[in-house]
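Enquirer: If you're matching positions, the sequence shown starts at 98 in the working numbering and goes up one per residue. First the structure, then my questions, so here it is.
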Amino acid sequence: MNNDEVKPQHLYLTGYRGCGKSTLAKLLAQKLSLPAVDLDDVIESTAGKSIAEIFAEETEVGFRDREEAALVEVAKRPTHVIALGGGTILREANRNIIAGSGWCVWLDAEPEILVARLAGDATTAERRPSLTDQSVFDEVQSVMTKREPLYRASADLRVDTSHRTMDEIVEEVLKACPPSIGRAPN
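Here it is in structure tokens:
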């Protein structure tokens with residue numbers, strides 16, 4: 098990249114499923130006058146099948162390969178607000194892409210809150226496979242514990258979404274957001 102090129106400064110949202118990434122991406126994009134994209138939607142659109150079908154037919158490794166390819170493609174776009182999949186941060190290559198092309202917000206929440214949100218989301222069961230053979234609560238707690246260091250290392254900002262409205266979360270992110278995101282370069 099030569100010095101005349103402006104690197105896209107995406108606003109990435111990471112965190113466990115049910116933390117509000119997709120909803121928040123749309124709200125932040127609207128406030129910042131940017132397009133929003135959900136990485137899971139890109140993966141499903143490219144594959145022509147649901148994430149659950151990808152897991153069933155290609156295993157988690159196949160899904161993670163598709164996820165990495167989708168992130169590479171999305172990161173090359175002009176500035177977007179990008180809702181990452183909950184496990185996107187598992188691969189070092191993905192963490193490097195995120196760090197090199199934007200600013201990352203980790204949306205965190207208490208396991209009990211996430212379980213309640215997942216139970217209230219009709220698309221969760223059909224779209225996203227269980228990652229373990231544990232109960233939903235035990236899976237949330239177990240997977241979050243394993244991923245927590247990676248979320249922490251990837252994030253420029255951590256926001257606890259447990260007992261807050263989307264408007265409150267939007268305001269916190271916008272206050273902390275670097276001026277380069279959502280604004281034309283000088």
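Ideal Cβ placement from N, Cα and C applies to all residues, glycine included.
#1: On the DSSP letters alone, give me the boundaries of the beta strand (DSSP E) that D257 sits inside.
#2: Using DSSP with H/G/I as helix, E/B as strand and the rest coil, what is L108?
#3: According to DSSP, is G197 helix, strand or coil?
#4: Hey, quick one: how far does the alpha helix (DSSP H) through A206 stretch, first residue to last?
#5: I'd like to know if the segment 165-176 and the segment 131-144 are in contact, where contact means that at least 3 CB-CB pairs between them fall below 8 angstroms.
#6: Below 8 angstroms on the Cβ atoms is my guess for G117 versus D205; work out the distance and round it to an integer in Å.
#7: Can you tell me where the beta strand (DSSP E) with I151 in it begins and where it stops?
#8: Whole angstroms is fine: what's the gap from S239's alpha carbon to R114's?
#9: Go to I266, then tell me how far its beta strand (DSSP E) extends in each direction, as first and last residue.
#10: Please classify R249 as buried or exposed, where buried requires at least 16 neighbouring CB atoms within 10 angstroms.
#11: Taking the alpha-carbon of G182 as reference, which of L129, G197, S119 has the nearest alpha-carbon?
Expert: In this structure, then:
#1: 254-257
#2: strand
#3: helix
#4: First-last for A206: undefined, no H or E at that position.
#5: yes
#6: Incorrect: roughly 10 angstroms between the Cβ atoms, too far for contact.
#7: Premise fails: I151 lies in the alpha helix (DSSP H), 148-172, not in any beta strand (DSSP E).
#8: 13 angstroms
#9: I266 -> not in any beta strand (DSSP E); alpha helix (DSSP H) instead, spanning 263-273.
#10: exposed
#11: S119
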